[in-house]
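Per our numbering, the sequence shown starts with residue 1, numbered consecutively.
All C-beta atoms, glycine included, are put in the ideal place defined by N, C-alpha and C.
In this text the structure is predicted, and so the values were computed from the model without any measurement.
Worksheet: one structure, shown below.
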Amino acid sequence: EALVELLRALNDSSNRIKDWNDFLVSPCVSWSHVTCRNGNVISLSLASIGFSGTLSSSITKLKYLVS
1 EALVELLRAL NDSSNRIKDW NDFLVSPCVS WSHVTCRNGN VISLSLASIG
51 FSGTLSSSIT KLKYLVS
């Protein structure tokens, strides 16, 4: 849920990330640009994608995020 909120805030109008979907159970299984450890999101690799927008406060819900 937090990652989908983040994606909406980053204005993915070109639909560069198609697999971030809240219907999928876990982002650790098949979401691109997401790295997990022990089932927790620890890293997002979004720098080279070219998003515009502001980071959503939902990013604070990712309590294991380190980069």
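Helix, strand or coil for residue i, going by three-state DSSP, please let me know.
i	result
N8	The question names Asn, but residue 8 is Arg in the sequence shown. R8 falls in the helix class under three-state DSSP.
I42	strand
N34	Looking at the sequence provided, one finds Val at residue 34 rather than Asn. V34: strand per DSSP, three-state reduction.
K61	helix
A2	helix
V29	helix
For residue i, tell me which candidate among the options has the shortest Cα-Cα distance.
i	options	result
S43	C28, E1, S57, I49	C28
R16	E5, S48, C36	S48
E1	N38, N11, N21, F51	N21
Is the separation between the beta-carbon of residue i and that of residue j shorter than 9 Å?
i	j	result
S26	D19	no
E5	S67	no
V41	L62	yes
G53	A9	yes
T35	S45	yes
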